[in-house]
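Trainee: Chains as they are written, first to last, in UniProt numbering: chain U, 1 to 276; chain V, 1 to 300.
Here a beta-carbon is modelled for each residue, glycine too, at the ideal position from N, C-alpha and C.
Since we're looking at a predicted model, the values are computed, not measured.
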Amino acid sequence: MSRRKKIADAVVFVFLAFGSVIMLYPFIWMIFTSFKPKMHIYLAGLLPRTWDFSSYIQIWDEIPLVRGFLNTILYSVPPVIVGTFVSAGAAFAFAKINFKGKNIIFLILLSGVMIPFPSIMIPQFVLFSRFNMLQGPWPMILPKLTGNVLMIFFLRQYLNYVPDSVVEAAKIDGCNYFEIYRRIILPLITPALAAHSVLWFIGSWNDYLAPTIFIKNEKWQPVTVMVAKFNEQYAINTHVPRMMAGSVMLLVPVLVIYGIFQKWIIESVMFTSVKE
Amino acid sequence: MKRKKSYFHVWDNIWGYAFVLIPLIGLVVFVLIPLCMTVYASFTSWPLGQSITSAKWVGLDNYITMFNTPLFWKSLGNTFFYMIGIPIGLVLSLIYAALMNRGTRYEKVFRVIYYTPVITSTVAVSFIFQRMFMSDGGVINTYLSAIGIKNPPNWMSHPAYTKWVIIIMAVWKGLGNSIIMYIAGMQGISKTYYEAAKIDGAGWFYTFRKITVPLLMPVTFYLVVTGIIGGAQMYVEPRLVFAGNGPANSTFTTVIHLYDNTFRYSKAGYGSAVATVLGVIVFVITAFQFYMNGRRERNE
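#1: Would you tell me roughly how many angstroms separate the C-alpha atoms of U/A88 and U/L199, rounded to the nearest one?
#2: Measure from the C-beta of V/V213 to each C-beta in chain U and report whether the shortest distance is under 8 Å.
#3: Report the neighbours of V/I52 on chain U: residues whose CB is nearer than 7 Å to its CB, in chain order.
#4: Determine, using beta-carbon pairs with one atom in the stretch 173-183 of chain V and one in the stretch 84-93 of chain V, whether at least three such pairs fall under 8 Å.
#5: Count the CB pairs spanning the stretch 12-22 of chain V and the stretch 230-249 of chain V that are closer than 8 Å, and state whether there are at least three.
#6: Just verifying my parser: in three-state terms, what is the DSSP assignment at V/Q50?
#7: Quickly, what does DSSP pair V/K173 with across the bridge? List them, please.
#8: Classify U/D207: buried if its beta carbon has 16 or more other beta carbons within 10 angstroms, exposed otherwise.
#9: Per the contact definition of three or more C-beta pairs closer than 8 Å, is the stretch 166-173 of chain V in contact with the stretch 189-199 of chain V?
#10: Excluding sequence positions up to five away, which residues of its chain have a Cβ less than 8 Å from the Cβ of V/V58?
#11: Please report the residue range of the alpha helix (DSSP H) in which V/H257 lies.
#12: For a cutoff of 8 Å on Cβ pairs, would you count V/S121 as touching chain U?
#13: Could you pull out every residue in the same chain whose Cβ sits closer than 8 Å to the Cβ of V/T162, ignoring the five residues on either side in sequence?
#14: Alpha carbon to alpha carbon, what distance is there between V/A124 and U/I63?
#15: Measure from the C-beta of V/S94 to each C-beta in chain U and report whether the shortest distance is under 8 Å.
#16: In the DSSP output, which residue or residues are listed as bridge partners for U/K229?
#17: Using a Cβ cut-off of 8 Å (strictly closer), state whether V/A232 contacts chain U.
#18: Please report the distance separating the alpha-carbon of V/K2 from that of V/H9.
#19: V/A248 versus chain U: which residues are under 9 Å apart at the beta carbon?
#20: For U/L65, go through chain V and note every residue whose CB falls closer than 9 Å to its CB, in chain order.
#21: How big is the Cα-Cα spacing for U/F125 and V/T120?
#22: If you run the structure through DSSP and keep just helix, strand and coil, what is U/K38?
#23: DSSP three-state label for V/W155, please.
#24: Taking a contact to mean a Cβ-Cβ separation below 8 Å, would you say U/A194 touches U/G147 in this structure?
#25: From this set, V/R102, V/M66, V/T65, V/I166, which residue's C-alpha is nearest V/Q187's C-alpha?
#26: Kindly list, in the order they appear in chain V, the residues whose Cβ is closer than 7 Å to that of U/V254.
#27: Could you compute how far the alpha carbon of V/F208 sits from the alpha carbon of U/A8?
#28: Given that residue 289 of chain U touches chain V, what residues does it touch there, using C-beta distances under 9 Å?
#29: Under the rule that 16 or more other beta-carbon atoms within 10 Å means buried, what is V/K4, buried or exposed?
#30: Tell me whether V/S54 is buried or exposed, calling it buried when 16 or more other Cβ atoms sit within 10 Å of its Cβ.
#31: So is V/T212 buried or exposed if we call it buried at 16+ other beta carbons inside 10 Å?
#32: State the start and end residues of the unbroken alpha helix (DSSP H) segment that holds V/G231.
#33: Check distances from the C-beta atoms of the stretch 209-229 of chain U to those of chain V and list, in chain order, the residues that come in under 7 Å.
#34: Count the other C-beta atoms from every protein chain shown that fall within 10 angstroms of the C-beta of V/G201, then say buried if there are 16 or more, exposed otherwise.
#35: Could you spell out where the alpha helix (DSSP H) holding V/I88 opens and where it closes?
#36: Which term fits U/R49, buried or exposed, when burial requires 16 or more other beta carbons within 10 angstroms of its beta carbon?
In C-alpha cells form, the structure reads like this:
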C-alpha cells in the first residue's frame with residue numbers, strides 16, 4: 001500500500017511539474033527572446049546565442065516609459081486605496097448597521113455587477129467628454145473612488161463572521177459608527193482588505209480597453225497602452241525581440257508585486273471562495 | 001425608553017446611508033445613467049461627437065440593421081464559440097485541483113506557479129502567444145514537429161484554428177484561478193463524507209464523482225457565471241493577438257464590432273444597439289444561472 005502510494009505521488013508530482021513548465025514557459029520564452037538579436041529569432045534554441053540588449057535601449061528611447069509607469073501608478077494606487085476604504089465602509093454598514101431598505105440597496109448595487117462594461121462605455125465616454133476630462137487623467141480615477149461592488153460583497157461576507165456583540169459593546173462604550181469602523185472593523189478585516197486591494201490593484205494595472213477609449217492625450221496614457229502601441233508597430237516588421245522587451249516591461253512590476261504578496265493573494269482567493 | 005430606541009434608530013439610518021452613499025452615487029453616475037443612455041441611444045441615429053439629445057429618433061432601425069448585418073452574427077457566433085474554453089478549463093482545473101489537494105509535496109509552490117498567468121497583463125501575454133503560435137518560427141509548431149506531427153496547423157492564418165489560439169490562451173490564463181477556487185472548495189468538504197464512502201467500499205473515482213464533484217457545485221456555478229460574464233466581453237485578446245479581426249473575421253467578437261462601429265465609424269446609435277443586446281444577453285444568462293442555482297439549493 002505504502003509503495004503504491006509512493007508511486008502515485010511520484011506520478012502526480014511529474015504531472016504537476018509538467019503543467020508548471022507549460023504555465024511558466026511563455027514567460028521564460030519571452031525573457032530569452034527579448035535578448036536575442038532580430039536575425040536570431042528563427043534559430044532553434046531557447047537561449048540567445050548572443051545577448052543583445054538593444055531592444056531594451058530601443059523601448060526606453062522610443063516611448064516615455066517612466067511617464068507611463070507614473071500614470072499607471074496614479075491610476076492604480078491612490079484610487080484603489082480610497083476605493084478600498086469606501087468599499088469597506090459600505091460593507092460594514094451592510095453587515096452591521098440596521099438601516100431602512102438596506103437589503104434593497106444591496107441588491108441594486110449587486111445588480112450593477114451583471115452589467116458588462118462594454119454596454120455602458122459609450123455613454124461613459126460621452127459623460128467624460130462633456131466634462132472635458134478626456135485630455136486628463138480623471139476618467140481612470142473617478143469611477144474607482146466610489147468603491148468596488150464585488151469587494152463590498154466579499155467584505156460583507158467576511159464581516160458576517162464577526163459577532164454583532166463586538167459592535168454592540170463598542171456602542172455601549174459610547175463609540176459612534178465611524179469610530180467603530182475605524183478602531184474595530186478596519187483592524188479586524190485588514191488581511192482581507194489588503195488581499196482584495198492587491199487584486200484590484202493588479203486588475204487596474206493591467207487595464208487596457210478603458211484607457212484606449214477614455215485617455216485621448218498621449219501624455220496621460222498608462223504603460224499598457226504605450227507598450228501595446230510599441231508592440232503593434234514592431235509586429236508589422238516582425239521585430240520579435242522588441243515586442244518581447246515590451247511585454248517584459250509590462251510584466252516585471254506585476255510579477256515582483258505578486259512575488260511579495262503571493263501568499264496573501266492566494267489565501268484571499270481561497271478564503272472568498274470558501275465563505276461564499 | 002421607547003423614545004430612546006427610536007433615537008438610536010434614526011442614527012442607525014443616518015450612519016447606514018452615509019456609509020453606502022458614495023458607492024450608490026458611483027452606481028448611479030457610472031452605471032445606471034450610462035445604461036439608460038445606451039438603451040435610449042440605441043433607438044437613435046446618434047453620430048458620436050454630437051449631443052445625444054439632438055440625435056434623431058429612428059425607432060427599431062438600428063436593431064433591424066444589426067440583425068441584417070452578417071458581421072454582427074459572425075461576431076456573436078465567435079463570442080459564444082470562445083466559451084468552449086469554459087468547460088475545458090473547468091475539467092482541467094478540477095483534475096489539477098484534485099491532484100494538488102492530496103497532500104502532494106510542494107503543493108504551495110505549485111499553487112503559486114499555476115496562479116502566475118492569472119495576475120499577468122493580457123496585453124503582454126497576447127503578444128507572447130501571437131509569436132509562439134506563428135507557423136514561421138513559432139515555438140509551438142517547432143515542438144509539434146519535434147514530437148512527430150507532420151503538418152502542424154497554421155494557427156495564425158487558417159480560420160479553423162485561429163479561435164483555438166484565443167481559447168488555449170484564455171484557458172492557460174484562467175486555469176490557476178479555478179484551481180485555487182476548487183482547492184478551497186475541496187478543503188471545505190467535511191471528511192466524514194469520505195470516511196462513510198470508504199466504509200461502504202467506494203473506490204477513489206466513485207467517491208470523486210459522487211461526493212467531490214456534486215459538493216463543489218457552488219464553486220463550479222461561480223466559475224461558470226464569471227466565465228460567461230468575462231467571455232461575453234472578450235476584446236483585448238483577439239484584437240492584440242490577431243492585430244485586427246483575424247483571417248475571414250474568424251476571431252472578431254461582439255465587443256470589437258461595438259467598438260469599431262462606435263469609435264472608428266462614429267455610429268454611436270448602432271453601437272449602442274449592439275451594446276444593449278450584449279448587456280441583455282449577459283444579464284439574462286447570469287440571472288438564469290442564479291435562478292437555477294437557487295432552485296437547486298432549495299431542492300437539496
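Mentor: On the basis of the supplied data:
#1: 15 Å
#2: no
#3: V126
#4: yes
#5: no
#6: strand
#7: None; V/K173 has no bridge partner.
#8: buried
#9: no
#10: F43, T44, S45, G269
#11: 254-259
#12: yes
#13: W155, M156, F242, G246, P247, S250, T251
#14: 16 Å
#15: It is Leu, not Ser, that sits at residue 94 of chain V in the sequence shown. By this cut-off, V/L94 is not an interface position.
#16: Note: U/K229 sits in no beta bridge, so no partner.
#17: yes
#18: Any reading at V/K2 needs caution, since the residue's pLDDT is 44, under 50, leaving its predicted position unreliable; the model's value is listed next. In a straight line, the C-alpha of V/K2 is about 11 Å away from that of V/H9.
#19: Simply none; closest approach about 20 Å.
#20: Result: empty, since nearest Cβ-Cβ is about 14 Å, beyond 9 Å.
#21: 27 Å
#22: helix
#23: coil
#24: no
#25: V/R102
#26: I119, T120, S121
#27: 17 Å
#28: Chain U is shown only over 1 to 276; residue 289 of chain U falls outside these bounds and no answer can be derived.
#29: Here V/K4 scores only 49 on pLDDT, less than 50, and its place in the model should not be relied on; the value that follows carries that caveat. Flag for V/K4 reads exposed.
#30: exposed
#31: buried
#32: 217-232
#33: L209, I213, T224, V227, A228
#34: exposed
#35: 85-100
#36: exposed
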